[in-house]
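Residue numbers (my numbering), protein chains in the order written: chain A, 20 to 331; chain B, 20 to 331.
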């Protein structure tokens, strides 16, 4: 399939073309940049929902139920699942297949895991590009689900239009530490597994923490209680997401946020491009291996080696 | 304090010099590369222990108790706590102070949180450099504790001599997903909070998963049960760590691992250096801001903008 036909099918919303385009940008294949240049002007119609939270919070179930809810309203939903903690296991693909069966495999739901990250980095950038592809392919909602709660994941979720943070009752002591970091990024908070003991306490703690946080846009992040496995609270969640979207559309915050996302994306792309240009030069990869061995054997140090890579 | 005196005090193990050197490399300050060049040849004596696991697993308590255990044996312990999920809150510093009180503030225990990551990235690299500084400053054990379980954290833990993965009983459904990714990096597994219900089931599940994993070095990762808050199982943990260290010292895996670490570190440094060189050029930062605004307003796309940054 040449690029022109691929793009045509992509804009028509064909799942196979979407999958192929994502694979191309994931691998940094020839023509990937051309695809993204064509895709970019067609973006901006989808609502991008980022969902993050601790492992064990039941994010996957919540995402699936939310997707089904939108699907029943006649919308098309794309799901991008970021699982960087699983770089070797291949479990991601298996997981996708299981979930596709639950969600119903048709042209209105597309699910894709992003798990590989090579030496050149770029998982965050590839994820953001995958979201743009789904947007350009006419999906109404694009849900980005992250498995971990590290720096990369936080940055990915920040690029969404609406960020949802999922907690569960009684997660233990150092959930406080997580909460502190996550306060700034949550536009909507979910307490999932809300049929469990301790839900009231978690809600009170969360309210207390939220009252201390001062958002520059003065938004009061709502707290929604759900039991995803029983399909409870999903409509409330969709309403909370909608209310933030409406709030955001009013203010200038929207442009500032988009600029911040664009800046971050530019820096990611630059970092990747500069390194791949360097490593693409004749003999540079061999030099890297040799220098790495020298360092391992203590014949050199990383800082001098970098200077040799750049100037020697 | 000039660099020479700083280095002298650092090699003498003075906490303030260590702290200052880490701050310099964290900020990418002038002379940071020179410090690391001097530090590097003095490294390789400390045992570097990486500890990761899900939020709520009680990692901090476990690390504190392990540090106290080593301290009572007359060893000097450095702790580097990586908390990238908390970039704005300043909670890290407060946390350090509380923990220093518990651990006893003396020259045998040093604790430092790494939380900031600027536009230029580099948290992982800064963490690895901080570990090298503590190593060169004569700390016998350096413990690297990560709060999140994302890609960055996994990579950081991989650079340790021994990687410890902490789990708790009954973490719920999608712990499976985490486990799958973590199998490859755990040299020692801990089931903390082992006085809770479900510990036997978690142990069985873990054993089953471990029996499926095939490590290139044929090491059988031991499982240790602890109750950190009650100081139970800490000696067992230290023995498991020691046994892996001895195992590793025998084989060639050690050099291969050090080469892999060196390669990763070189790539991190290169990525950072190439980008900061570019952004250090006259007018480039302003250009970046303008292009980011253009993209936000849909007058440009990220891929064309990158080309303009590099060639235009």
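Backbone N, C-alpha and C fix where the C-beta goes; we use that ideal spot for every residue, glycine too.
Small disclaimer: the values here were computed from a predicted structure and weren't measured.
- Between residue 41 of chain B and residue 152 of chain B, the C-beta gap is smaller than 7 Å, which places the two residues in contact.
- Sixteen is the threshold: when 16 or more other Cβ atoms of the shown chains lie within 10 Å of the Cβ of residue 131 of chain A, as they do, the residue is buried.
- Between residue 211 of chain A and residue 59 of chain B, the C-beta spacing is not below 7 Å.
- The beta carbon of residue 292 of chain B falls within 7 Å of a beta carbon belonging to chain A, placing the residue at that interface.
- Its chain contains 247 and 248 as the residues whose beta carbon lies nearer than 7 Å to that of residue 80 of chain B, once the 5 sequence neighbours on both sides are disregarded; these appear in chain order.
- Rounded to the nearest whole angstrom, the CA to CA distance from residue 175 of chain B to residue 147 of chain B is 7 Å.
- For residue 221 of chain B, the enclosing alpha helix (DSSP H) covers residues 218-231.
- For residue 314 of chain B, the chain A residues whose Cβ falls inside 9 Å of its Cβ are 59, 277, 278, 280, 281, 282, 284 and 285, in order along the chain.
- Following the DSSP letters along the chain, one finds residue 131 of chain B in no alpha helix (DSSP H) but inside the beta strand (DSSP E) bounded by residues 128-133.
- For residue 320 of chain B, the closest Cβ of chain A is nearer than 7 Å.
- Residue environment: residue 268 of chain A is assigned as exposed (fewer than 16 neighbouring CB atoms within 10 Å of its CB, all protein chains considered).
- Less than 7 Å divides the Cβ of residue 322 of chain A from the Cβ of residue 55 of chain B.
- In this structure, the straight-line span from the alpha carbon of residue 254 of chain A to that of residue 214 of chain B is close to 39 Å.
- Taking the CA atoms as reference points, residue 293 of chain A sits about 15 Å from residue 283 of chain A.
- Here the C-alpha atom of residue 218 of chain A lies approximately 7 Å from the C-alpha atom of residue 189 of chain A.
- Per DSSP, residue 164 of chain B is one residue of the beta strand (DSSP E) stretching across 160-165.
- In the DSSP annotation of this structure, residue 70 of chain A is not part of any alpha helix (DSSP H); the continuous beta strand (DSSP E) holding it starts and ends at 66-72.
- The beta carbon of residue 22 of chain A sits closer than 7 Å to those of 50, 53 and 54, all from its chain and outside the five residues before and after it, given in chain order.
- In the same chain as residue 266 of chain A, and ignoring 5 residues on each side of it, the C-beta atoms closer than 7 Å to its own belong to 238, in chain order.
- Here residue 177 of chain B has 204 as same chain residues with Cβ atoms under 7 Å from its own Cβ, once five neighbours each way along the sequence are excluded.
- Cβ-Cβ distances below 8 Å link residue 96 of chain A to 86, 89, 90, 127, 128, 129, 158, 159, 160, 161 and 162 in the same chain, with the five nearest sequence neighbours on each side left out; the list follows chain order.
- Interface flag for residue 323 of chain B against chain A is set, since a Cβ pair is found closer than 7 Å.
- In summary, residue 78 of chain A is buried, with 16 or more beta-carbon neighbours lying within 10 Å of its beta-carbon over all protein chains present.
- Annotated three-state conformation of residue 318 of chain A is coil, per DSSP.
- Look at residue 52 of chain A: its C-beta is under 7 Å from a C-beta on chain B.
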